[in-house]
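Residue numbers (my numbering): -19 to 135.
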């Protein structure tokens, strides 16, 4: 069975927005973040950039999920750091349609902006295999493709 890319989501946030009293209220934090995320971000001197990039990842995940009429609240989407240092999405839900998805997430921020890309994947075969298969099936010529999920270059 071939893996299939399901949806891609992207979001960008202004970090200054996460350094305001209105957004840093307990109510806002509880609606948008898990306790583990809040504790993680609070470890850093510039915690607002860490909150902003996690919020961007949640928004990107919501956008990707919405393409298939799937929804999940922000505080049910958790961004953790895996053992190898890469960010990882955790979905806190009983929805089998969401739980069967695997994902890849990329986070980045500058001094002023935070951006996140989310890729939702069906099945467990590498993303690079799926992308190359799609391109080959559609007759697209390509010389190389870098897939972030497998860190391989496809000839």
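Even for Gly, the Cβ is constructed at its ideal location relative to N, Cα and C.
All values reported here derive from a predicted model rather than from experimental measurement.
Spatial distance of residue i from residue j (CA atoms)
{"i": "residue 136", "j": "residue -7", "result": "The question about residue 136 has no answer here: the residues shown for the chain are numbered -19 through 135."}
{"i": "residue 14", "j": "residue -13", "result": "24 Å"}
{"i": "residue 92", "j": "residue 76", "result": "37 Å"}
{"i": "residue 105", "j": "residue 0", "result": "Confidence at residue 105 is low in this model, with a pLDDT of 49, below 50, so the placement of that residue is unreliable and no value is reported for it."}
{"i": "residue 102", "j": "residue 61", "result": "22 Å"}
{"i": "residue 176", "j": "residue 37", "result": "The structure shown has nothing for residue 176, since the chain only spans -19 to 135."}
{"i": "residue 45", "j": "residue 100", "result": "8 Å"}
{"i": "residue 49", "j": "residue 67", "result": "25 Å"}
{"i": "residue 78", "j": "residue 85", "result": "15 Å"}
{"i": "residue 73", "j": "residue 52", "result": "8 Å"}
{"i": "residue 80", "j": "residue 63", "result": "22 Å"}
{"i": "residue 41", "j": "residue 25", "result": "26 Å"}
For residue i, the nearest candidate out of the options (CA to CA)
{"i": "residue 59", "options": "69, 94, 51", "result": "69"}
Close-in-space but distant-in-sequence residues of the same chain around residue i (CB under 7 Å, 5 per side omitted)
{"i": "residue 29", "result": "-5, 89, 94"}
{"i": "residue 17", "result": "34, 58, 59"}
{"i": "residue 39", "result": "-9"}
Supposed contact pair residue j and residue i - C-beta distance, whole angstroms, cut 8 Å
{"i": "residue 31", "j": "residue 8", "result": "Residue 31 to residue 8, Cβ: 10 Å. No contact."}
Other residues of its chain near residue i: CB distance less than 6 Å, five sequence neighbours each side excluded
{"i": "residue 123", "result": "With a pLDDT of 35 at residue 123, under the threshold of 50, the modelled position of this residue cannot be trusted; read the value that follows with caution. Result list for residue 123: empty, nothing under 6 Å."}
{"i": "residue 27", "result": "21"}
Sheet register partners of residue i (DSSP bridge)
{"i": "residue 93", "result": "-6"}
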